[in-house]
Amino acid sequence: MSDDPNASPGKILVGASADGVYSYLTLSVGNRHGLIAGATGGGKTVTLQKLAEGFSNAGTAVFLADVKGDLAGLSQAGEMRQAFVDRSLEIGLAYAVDRFPVVFWDVFGEQGHPVRATISEMGPLLLARLLELNDVQEGVLNVTFRVADEQGLLLLDLKDLRAALTYVADNAGSLKTKYGNVAPATVGAIQRQLLVLETQGAEKFFGEPALDISDFLRVDRDGRGVINILSADKLMRSPRLYATFLLWLLSELFEQLPEVGDLAQPKLVFFFDEAHLLFDDAPKALLTAIEQVVRLIRSKGVGVYFVTQNPLDVPDSVLGQLGNRVQHALRAFTPRDQKAVRAAAETFRQNPAFDTAEAIMQLSVGEALVSMLDAKGKPEIVDRVLIAPPASRVGPITAEERAAVLAESALRGKYDTPIDRESAFEILQKRAEGHLSGAGAGPARPEAQTTQASVGGGLIGTLGGVVGGLFKRENPKRMSTGELAVRSAVQSAARSIGTQIAKEVLRGVLGGISR
């Protein structure tokens with residue numbers, strides 16, 4: 394063993410085998426994605442926490458969902474638990490505690506900074522998944538988005554989508570020749586699904602100021618990557634909303650980040666806990682889109698790590714792209730369990746020292762089979778590894794500790810106040826009241842759209858100058874709450890104007906606006 398295995402350059406220490414061989418995750422292949430699997434209670438959360446710490450120390454930003462409240466402990470220094478001290482000594486380490494730079498997020502805005510997206514950014518494909526629409530209903534939703542694009546109607550929140558659906562239903566006759574039949578009953582069914590979504594609290598997610606993805610890619614003053622923790626214990630009560638939200642985040646990263654090729658280390662690592670929710674009952678079109686995003690996003694410097702109980706939860710087309718593997722214990726009580734054990738064992742590069750399938754069923758808590766990619770991208774021989782203990786607290790934090798972290802956040806005030814600009818709901822309401830000319834008219838005239846597009850370009854330039862002039866010299870930590878809110882509003886408005894008033898809006902692989 395080396396004197397300081399934690400100091401190995403370009404690598405993250407995962408643990409060590411019983412014969413003293415250390416297991417590392419090589420940062421240069423950290424964007425080749427990964428899988429952390431195993432039954433409940435086997436140690437997946439601790440492994441996830443250990444890897445998050447390693448990426449942060451290396452200067453890579455991290456995003457993860459905290460579905461049980463345990464991962465919030467990353468924000469606090471660990472405790473000298475005897476079990477951690479003993480494990481460290483067992484694998485040749487001196488246990489030391491540490492805390493990490495953390496930003497808390499919450500879709501509901503209760504335990505972290507609010508996270509919002511506009512309806513247009515979410516797109517029809519993900520919304521159809523979220524609303525559990527059938528093919529006919531999804532088709533009508535696509536028509537609604539197309540009409541809104543042509544009419545220059547901003548779809549920002551749920552009331553905008555409701556208004557646009559009503560408009561499409563009221564003008565079904567004039568739209569029929571271009572888009573086909575739009576039955577009022579179908580629109581009514583979509584409206585009812587929107588009501589269900591509202592009762593789950595989704596109205597807090599849709600709106601502005603929309604999330605700026607660059608806020609996920611920050612480092613602290615010491616050069617450590619910021620760990621972005623989504624408080625998801627309440628969000629998990631609506632599993633489809635949880636899965637769709639995380640998939641939307643992935644699609645935003647895919648659409649917005651530039652191509653960078655293979656870096657010395659990832660810019661961001663995205664941990665997708667309870668990954669089976671992403672694939673349960675997903676239609677073929679969505680699965681194809683997910684596969685495409687996972688395959689291509691690594692060239693944007695992003696690594697995606699799926700965390701799930703059973704490797705069979707992940708489709709083969711996606712599983713084949715997950716190069717870094719940590720497999721905790723599985724118990725073969727049923728035929729499906731036995732199949733999962735065999736499937737997990739067969740994905741590893743076999744070690745002649747032990748039977749992989751038998752080892753999976755014999756692993757103790759905190760022990761795992763580990764096979765990472767080497768620097769050339771080749772899977773290493775699987776080894777039986779004792780996972781090194783995290784340096785931060787393992788377990789939840791108090792409300793006072795969370796409040797202290799939020800109070801110190803550089804993003805405090807940026808997303809706290811929702812903004813309700815004039816959008817589809819207000820515009821269509823004015824048309825109905827006769828305050829705008831052309832009430833009830835069909836798609837806007839081409840010359841009108843061209844004028845709108847040129848005006849939009851001018852507005853974007855103007856807004857860009859305002860943002861640059863007002864804020865280019867300001868550090869977000871030194872800006873007031875009001876200044877942060879204004880900057881966020883201006884930037885959000887510029888993005889929406891630029892994408893919505895053009896004649897045609899380009900949409901990305903998952904149906905959202907492609908910037």
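All the letters of the sequence shown, read from the start, carry residue numbers 394 to 908 under our numbering.
Note that CB positions come from ideal geometry on N, CA and C, so glycine has one too.
Remember, predicted model here, so these are calculated numbers, not experimental data.
Three CB pairs or more closer than 8 Å across the stretch 643-650 and the stretch 680-692:
Short answer: they touch.
Contact under 7 Å by Cβ, Gly-516 with Arg-900:
yes
So what does DSSP say about Gly-594, is it helix, strand or coil?
It is coil, neither helix nor strand.
Helix, strand or coil for Asn-703, going by three-state DSSP, please let me know.
Annotated three-state conformation of Asn-703 is coil, per DSSP.
Report buried or exposed for Val-775, applying the criterion of at least 16 other Cβ atoms within 10 angstroms of its Cβ.
buried
Is Tyr-560 helix, strand or coil by DSSP?
helix
What is the DSSP secondary structure of His-721, reduced to helix, strand or coil?
coil
So for Asn-527, helix, strand or coil by DSSP?
coil
What alpha helix (DSSP H) runs, 4 residues minimum, are completely inside the stretch 648-709?
669-672 and 677-690
Pull up the distance between the alpha-carbon of Ala-625 and that of Ala-668, whole angstroms please.
Between Ala-625 and Ala-668, the alpha-carbon positions lie close to 13 Å from each other.
Beta-carbon within less than 7 Å of Ala-798's beta-carbon, same chain only, minus the 5 sequence neighbours each way: which residues are those?
Position check: residue 798 holds Val in this sequence, whereas Ala was assumed. Excluding positions up to five away in sequence, the list reads Ser-468, Val-495 and Phe-497.
Buried or exposed (CB count within 10 angstroms, at least 16 for buried), Leu-554:
buried
Are the stretch 719-734 and the stretch 423-438 in contact at 8 Å, needing three or more beta carbon pairs?
yes
Give the straight-line distance between the Cα atoms of Asp-542 and Phe-664, rounded to the nearest whole angstrom.
34 Å
Ignoring anything shorter than 3 residues or poking outside the stretch 482-534, list the beta strand (DSSP E) runs there in chain order.
495-499
When we look at the beta-carbon of Ala-409 and count the other beta-carbons within 10 Å, is it buried (16 or more) or exposed?
buried
Where Ala-432 falls: helix, strand or coil (DSSP):
coil
Out of Ala-678, Val-619, Val-778 and Thr-791, which one is the CA nearest neighbour of Leu-765?
Position check: residue 765 holds Met in this sequence, whereas Leu was assumed. Residue Val-778 is the option with its Cα nearest to Met-765.
Whole-angstrom distance between Val-707 and Lys-732, CA atom to CA atom:
14 Å
Sequence ranges, beta strand (DSSP E) only - wholly within the stretch 436-478, length at least 3:
The stretch 436-478 contains these whole beta strand (DSSP E) runs: 454-459.
How should Arg-630 be labelled, buried or exposed, when 16 other C-beta atoms within 10 angstroms of its C-beta is the threshold for buried?
exposed
Among Val-695, Gln-714 and Gly-696, which residue has its Cα nearest to the Cα of Pro-704?
Gln-714
Can you give me the C-alpha to C-alpha distance between Gly-618 and Ala-578, rounded to a whole angstrom?
50 Å
Residues that DSSP places opposite Asp-776 in a beta bridge:
Val-763
Exposure label - Lys-571; buried when at least 16 CB within 10 Å:
exposed
Simplified DSSP assignment, three categories, for Tyr-384:
Summary: the structure shown does not reach residue 384, with the chain confined to residues 394 through 908, and so no result is reported for it.
Just tell me which of Lys-443, Val-414, Lys-771 and Leu-623 has its CA closest to the CA of Arg-742.
Lys-771
As assigned by DSSP and simplified to three states, the class of Ala-409:
strand
DSSP beta-bridge partners of Asn-744
In the DSSP output, where bridge partners are listed per residue, Asn-744 has none listed.
Excluding five sequence neighbours on each side, which residues of the same chain lie with their C-beta closer than 7 Å to the C-beta of Phe-501?
Excluding residues within five positions, the ones whose Cβ falls inside 7 Å are Gly-594, Lys-597 and Lys-627.
Rank Gly-904, Ala-582, Phe-448 and Val-734 by C-alpha distance to the C-alpha of Leu-756 and give the top, closest one.
Val-734
Check each candidate in Gln-702, Ala-746, Pro-745 and Thr-740 and name the one with the smallest Cα separation from Arg-729.
Of the listed residues, the one whose Cα sits closest to Arg-729 is Gln-702.
Among Tyr-560, Ala-796 and Gly-827, which one has its Cα closest to the Cα of Gly-505?
Ala-796
According to DSSP, is Gly-618 part of a helix, a strand, or is it coil?
strand
Exposure label - Gly-716; buried when at least 16 CB within 10 Å
Gly-716 is buried by the Cβ-count criterion.
Enumerate in chain order the residues of its own chain whose CB-to-CB distance from Leu-623 is below 6 Å, with the five nearest sequence positions on each side excluded.
For Leu-623, where only same-chain residues beyond five positions count, the Cβ hits under 6 Å are Ala-458 and Trp-498.
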